[in-house]
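Under my numbering, the residues of the sequence shown are numbered 2 to 483, in order.
Using N, Cα and C, we set each Cβ at its ideal position, and we do this for glycine too.
Values in this document were obtained by computation on a predicted structure and should not be read as measured data.
Shown next, in structure tokens, is the structure this report addresses.
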Amino acid sequence: MATNRSFKDIFESQGRKPEKYEERPIVCVQGLGFVGSAMAVATSIAKSDSSELNFNVIGIDLDTKLGNERIDAINKGKFPFNTNDEFLKKSLEDAYEQHNLIATSDESAFSLGDVIIIDIHLDIDFYDDRPILDFSTLEIAIESIAKHIKKGALIIVETTVPPGTCEKVIVPKLEEILAKRKLSLDDIFLAHSYERVMPGDDYLNSIINFWRVFSGMNKESSDLCEDFLSKIINIDQYPLTRLSSMTSSETAKVLENTYRAVNIALIDEWTKYAELVGIDIFEIVDAIRKRPTHSNMMYPGLGVGGYCLTKDSSFAPAALEQVFGHKNKDFPFSNLSRITNNNMPLHAFSHTLRVFDGDIKNKRVLIFGVSYRQDVGDTRFSPSELYAKECLKHGANIEYFDPHVEFWTELNISSIEQPINFNSYHLLMIAVSHKEFKDFDYNLLDINPSLIIIDAANLLASIGSSRDKYGDRLTILGNGQK
Ligand SMILES: NC(=O)c1ccc[n+]([C@@H]2O[C@H](COP(=O)([O-])OP(=O)(O)OC[C@H]3O[C@@H](n4cnc5c(N)ncnc54)[C@H](O)[C@@H]3O)[C@@H](O)[C@H]2O)c1
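Written as structure tokens, this is what we have:
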């Protein structure tokens, strides 16, 4: 593949004319997934104090079906994922009009980058419940950067990685490939700064208007990273936090997500307790949350999903052994939180069996919401998936309604459309509290007086519809009151 000479060349290679072309520092974003696509937009709308655009941005993904779909979407000014965030959609349109954002699968574009941001995925596998690290995807990504990176460029790793990855995996890989080009680590800069982006209504703002943590492999790298972040993030309101090493920054990310995973897992046993004792855990948590030190106590739900919370709590336990070489060290809370959270949908499933006296064969189950959280379209590791597959295993039929997910890849089915005929179903499982479900006309359920409802999101109560209306037909997860 020919080496691209300029940002203009890349632009033209995608069939566009760079009419409004201006030279600016170039930022390459590797990986145009949920994080990288939004980061590319955040970077392309960043402006100086004098309202000049700060950067030209090149998004780089793989030459695969998925990678090309994401590249094509961005090159048409469309965000590659379903989103309600009007600010994000409008910003991408602006970037399209400004001619300072383009996407490609040509890895030689890394040679143009003054800053290269890594936003690829890094999965974790389990063997007998033991987390096993596999850095091959990351090593391939690092290799493609190292083959092309120019002297003086800064790499920022935003991917969530096991602690120690930057120093013990990325640095040696960079050194190996750079040496073949007669370059060394001293010729480039490297930093870690993890993403806290939250897809949803405030998707783009969760990058631009949010606190950030970072650290470089040396002072120069930290300084350059700080300088870059301060050009895209509103640091007056959201000051940056510099940590003393890349391993500390990597650890901050996984501890932050583990803290949340443990917090969620804790409520699982209290949910079951409240149901057995006949009390409402929601009113109890509400009471406790008034105390400022306990204001982030979690509510019950169908379970935890998404790409991050389902894996991040395994990264430090795995790294301790497989990166740092400390064998047989216990990490009980973190490991238990993952196992507890991953099994949570089975509790809702046990209610499903209970309400049908253990036999759900041929029962028609309608699931409201199949994304991993409210107001997003991401279905990766969603609790609805485990719940649905458990129902299927026991002979039930599954349909779903989700305004954010037209096609549910994991189950290979499409969302049903409105108006919904509730007469067709035996069970309604309310799994996610999308805004559309809060505004839904639940009077439509009255057409079917024998419809059984399991509300895993406490949604009916939150919109003022109570147990009085549905009686024993309604099960609310975490509320054992009769
Ligand atoms: N999704 C979130 O809400 C979120 C939030 C914070 C942090 N994170 C973290 O950010 C990282 C990215 O997550 P995501 O949700 O965007 O993942 P994703 O799977 O949606 O996207 C990753 C992208 O990287 C591309 N890719 C992989 N290898 C590549 C290579 N060598 N060159 C170019 N592109 C390559 C893939 O094709 C894919 O498009 C993960 O570490 C994740 O844990 C995610």
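DSSP links Tyr128 through a beta bridge to Arg131. By the Cβ rule, the region 135-142 does not count as touching the region 222-229, because fewer than three pairs are nearer than 8 Å. Assignment of beta-bridge partners to Met430 by DSSP yields Ile368 and Ile455.
A residue is called buried once 16 or more other Cβ atoms fall within 10 Å of its Cβ, and Gln31 is buried on that count. In this structure, Gly16 keeps its C-beta atom at 8 Å or more from the C-beta atom of Ala41. In the same chain as Leu321, and ignoring 5 residues on each side of it, the C-beta atoms closer than 6 Å to its own belong to His327 and Lys330, in chain order. Taken in chain order, the unbroken stretches of alpha helix (DSSP H) that lie wholly in the region 294-339 and span 4 residues or more are 313-323. The three-state secondary structure of Tyr204, taken from DSSP, is coil. In the three-state reduction of the DSSP assignment, Tyr22 falls in the coil class, being assigned neither a helical nor a strand state. In the displayed model, Arg243 falls within a strand according to three-state DSSP.
DSSP places Asp73 in the helix class (H, G or I) of the three-state scheme. Shown here, Trp271 sits in a helix according to DSSP, grouped into three states. Residue pairing by DSSP puts Trp409 in a beta bridge opposite Ile414. In the three-state reduction of the DSSP assignment, Ser106 falls in the coil class, being assigned neither a helical nor a strand state. Under the three-state reduction of DSSP, Gly217 is assigned to strand. A distance below 8 Å between beta-carbons, with the five flanking residues on each side excluded, links Leu244 to the following residues of its chain, in chain order: Val214, Phe215, Ser216, Ser250 and Ala253. Relative to ligand 1, the nearest heavy atom lies less than 7 Å away from the CB of Asp120. When DSSP states are grouped into helix, strand and coil, Asp403 belongs to the coil group. With a 10 Å radius around the Cβ and a threshold of 16 neighbouring Cβ atoms, Gln419 comes out exposed. If you draw a 10 Å sphere on the C-beta of Lys18, you find fewer than 16 other C-beta atoms in it, and that means exposed. For Phe190, the uninterrupted beta strand (DSSP E) segment begins and ends at Phe190 to His193.
Burial state of Thr65 is exposed, judged by a 10 Å Cβ sphere holding fewer than 16 other Cβ atoms. Annotation for Gln31 indicates a beta carbon within 7 Å of some heavy atom of ligand 1. Ranked by Cα distance from Glu168, the first of Tyr443, Lys152, Ile125 and Met218 is Met218. Within 7 Å of the C-beta of Ile454 there is not a single heavy atom belonging to ligand 1.
Placement of the Cβ of Ile61 at a distance of less than 7 Å from at least one heavy atom of ligand 1 is found. In the three-state reduction of the DSSP assignment, Leu54 falls in the strand class. Judged by their CB atoms, Phe369 and Ile464 are not nearer to each other than the 8 Å cut-off. Going by DSSP, Gln31 is part of the beta strand (DSSP E) stretching over Ile27 to Gln31. Here Tyr239 is exposed. Its C-beta has fewer than 16 other C-beta atoms within 10 Å.
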